[in-house]
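Below you'll find the structure, written out as structure tokens, and then a few comments.
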Amino acid sequence: MAFHSYKGGTGKTSIVVNLGALYAKQGANVCLLDYDFRAPSLNVLFKAKPEHWLNDYLEGNCEIVDTLIDQSQRFHLPGKLWVGFSNPSLEALKDIMSKDRKWEVKALTKTLAGKKKIIDEKKVDYLIFDTSPGAQYSSINALAGADLVSLVMKADEFDLEGTKELSKGVYDALGRKSGVVLNKIPLEQIAAGGGAEKFGKQVESDVGLPLVGMIPCMCELMAIGGKLIYAIEKPEHAFTKSIAEIAEKFKKM
Amino acid sequence: MVAKKLDRLIEVQRSAGGSVVRPSVFVPENLPLDVTTLLGLPDHLRKSALALATLGEGTATDLSKDTGRVRAVESDYLNQLVSMGLVKKKRKGRDVYFYIET
């Protein structure tokens, strides 16, 4: 799977981490890859200092499995939770921005080969890419490597217009199964007659993709979302329940 | 749908011994086969290119197993990608292998 969005701040990373943790909690083997090379964040959440970053793999300096760190013991999960991190140092960010198109060809082939290697060697049931927003090279490489693309968007018109373009120009072209997750929906819209359902139907019709889930806006997530994994530590929380519904829908796609 | 019709058209023309009509492809030659080039390709060629990027290298038979098209059609599409400078090919014994230069 790959989680993508037209704009930043839609909540991709929170969804990726919680969805992955939930599947691992259910006993599945999961691998999360931080393909947001321009704004890495999984290293903060997992407090990781890996020996090898995903950047090193794309440069040909290590194998992709060398970048993975298993987090399942730390969180007492029955399934494995492998995580591959991208390098947040300024040097690495500058380096990734200076890459030419020839390097991107290599990055695409290495992404596709890496996916196969992780699935074969780590016996992973779910491989989930967290990507940069918009049409970044690394993001589209990840989308090309995914069988299922999930678009995360907020319930506003700016997101809708850009998302329509992405859907036509990228998702359709790659021919991947895709679905939309509406995130950060204001509570007044979620209430009966508040317009969330109508907006959901409008999204399905305008973007041409099925709606996979609707997640209400929760202020506490913005305050502490980056510090804990709700799917593990708050199983009864409304956010975890929304993620669980989405997890079940993805299983059927 | 269009790609399927093109596949069929090429198959019919091949079996009738006719020359293959190549679809118009407005992709500048000798671009690197990165994702932006990939997205600019027509559907039928993109399918071959993406399958090749996944496989690393392979014969038309290998690729046809992935794309679900007949070998002759796949071979034609791969050779179109070669003509456009996006894909390379090399001979190993009797087999021709296609690959993406990185």
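Here the protein sequences come in this chain order: E and F.
For reference, each letter of the first sequence is one residue, going 1 to 253 in this note's numbering.
For reference, each letter of the second sequence is one residue, going 1001 to 1102 in this note's numbering.
Where is the CB? At the ideal position from N, CA and C, for every residue including glycine.
Helix, strand or coil at residue i [DSSP, three-state]
i: D34/E; result: strand
i: M253/E; result: coil
i: H76/E; result: coil
i: V1082/F; result: helix
i: V17/E; result: helix
i: W82/E; result: strand
i: F46/E; result: coil
i: H52/E; result: coil
i: K1088/F; result: strand
i: G213/E; result: strand
i: Y1097/F; result: strand
i: G9/E; result: coil
i: T131/E; result: strand
i: L90/E; result: helix
i: E59/E; result: coil
i: D70/E; result: strand
i: E236/E; result: coil
i: G208/E; result: coil
i: A2/E; result: strand
i: S1019/F; result: Residue placement at S1019/F cannot be trusted, given a pLDDT of 46 that sits under 50; what the coordinates show is reported in the next sentence. Coil, per DSSP.
Alpha-carbon spacing of residue i relative to residue j, whole angstroms
i: L1031/F; j: T1037/F; result: 7 Å
i: L211/E; j: D130/E; result: 19 Å
i: T1054/F; j: V170/E; result: 18 Å
i: K234/E; j: T240/E; result: 7 Å
i: G11/E; j: K106/E; result: 29 Å
i: E1101/F; j: K7/E; result: 33 Å
i: C62/E; j: D56/E; result: 6 Å
i: L228/E; j: R1046/F; result: 41 Å
i: E1057/F; j: P186/E; result: 49 Å
i: E220/E; j: I15/E; result: 15 Å
i: A244/E; j: G213/E; result: 10 Å
i: G200/E; j: L182/E; result: 8 Å
i: I246/E; j: Y1099/F; result: 38 Å
i: L42/E; j: A92/E; result: 15 Å
i: P1023/F; j: A21/E; result: Reliability fails at P1023/F, whose pLDDT of 47 lies under 50, so the model's placement of it is uncertain and no value is given.
i: S1075/F; j: A1060/F; result: 5 Å
i: Q202/E; j: G175/E; result: 22 Å
i: S205/E; j: K198/E; result: 11 Å
i: D70/E; j: L81/E; result: 5 Å
i: F75/E; j: V1035/F; result: 37 Å
i: S1048/F; j: P1042/F; result: 10 Å
i: F3/E; j: T163/E; result: 13 Å
i: Y1097/F; j: K1090/F; result: 5 Å
i: K116/E; j: K1065/F; result: 17 Å
Contact with chain E by residue i, beta-carbon distance below 8 Å
i: D1034/F; result: yes
i: R1046/F; result: yes
i: G1093/F; result: no
i: A1049/F; result: no
i: L1078/F; result: no
i: A1053/F; result: yes
i: G1056/F; result: yes
i: L1063/F; result: no
i: L1081/F; result: no
i: T1067/F; result: no
Neighbour flag for residue i against chain F, beta carbons, 8 Å
i: I119/E; result: no
i: K106/E; result: yes
i: V65/E; result: no
i: I140/E; result: yes
i: A144/E; result: yes
i: Y137/E; result: yes
i: G274/E; result: With chain E represented from 1 up to 253, any question about residue 274/E goes unanswered, as that position is not in the structure.
i: E245/E; result: no
i: K102/E; result: yes
Cβ-Cβ separation, residue j to residue i (assumed contact under 8 Å), whole Å
i: G145/E; j: L112/E; result: 5 Å
i: V83/E; j: L32/E; result: 5 Å
i: S150/E; j: S139/E; result: The pair is not a contact, with the Cβ atoms about 13 Å apart (cut-off 8 Å).
i: V152/E; j: S5/E; result: 5 Å
Proximity test, residue i beta-carbon vs the ligand FAD heavy atom, cut-off 7 Å
i: D1095/F; result: As for the ligand FAD, it is missing from this structure, which has no ligand bound.
task = Mind listing, in chain order, the continuous alpha helix (DSSP H) runs of no fewer than 4 residues lying wholly within the segment 144-198 of chain E?
result = 157-166, 187-190
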